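J.:
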Amino acid sequence: MYAIIETGGKQYKVQEGLVFSVEKLVAEAGSEVVLDKVLAVGSGADMTFGQPYVQSAKVTVEVVEHGRGEKIIVFKKRRRKDSKKTQGHRQDFTKLKVKTISA
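Oh and the sequence shown: position 88 is 87 in numbering that gives the first Met the number 0, straight run, nothing missing.
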């Protein structure tokens, strides 16, 4: 059984036991969070799709850790104008582990 959830403006396909990273959530490491924006749930022929969300479907996850991603460099240059700008960015993330999926 798997579910498609939405968090942080992105969609993720999850199943029990999966560890994945999402945009930073406000929760302590080791605590449980219930994600209720479930777009689809089920497996095989008995899939249930929401419009936009499935009613009474929940995914319970455990917060494993918080962290920061790899540094990316943003470089902008305007040719022949002697103008350039360099900027770095590291995105915050939360690593989650799926405990249960209830439909």
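Using N, Cα and C, we set each Cβ at its ideal position, and we do this for glycine too. In this text the structure is predicted, and so the values were computed from the model without any measurement.
1. Return the first residue and the last residue of the beta strand (DSSP E) that residue 34 is part of.
2. What first and last residue would you give for the beta strand (DSSP E) that runs through residue 23?
3. Name, in chain order, the residues that DSSP records as bridge partners for residue 70.
4. With a threshold of 8 Å, are at least 3 pairs of Cβ atoms found where one atom belongs to the region 66-76 and the other to the region 37-55?
5. Can you round the beta-carbon distance between residue 66 and residue 92 to whole angstroms, since I take them to be within the 8 Å contact cut?
T.: Answer, in terms of the structure:
1. Here the question's residue 34 lines up with position 35 in the sequence shown. 31-34 is the span of the beta strand (DSSP E), which, as asked, contains residue 34.
2. Here residue 23 corresponds to residue number 24 of the sequence shown, with the count starting at 1. Residue 23 -> no beta strand (DSSP E), and no H or E assigned at all.
3. Numbered from its first residue, the sequence shown carries residue 70 at position 71. For residue 70, which the question treats as bridged, DSSP gives no partner whatsoever.
4. With the cut-off at 8 Å, the region 66-76 and the region 37-55 do not touch.
5. The count along the sequence shown starts at 1 and reaches residue 66 at position 67. The count along the sequence shown starts at 1 and reaches residue 92 at position 93. About 6 Å separates the two Cβ atoms, so the contact holds.
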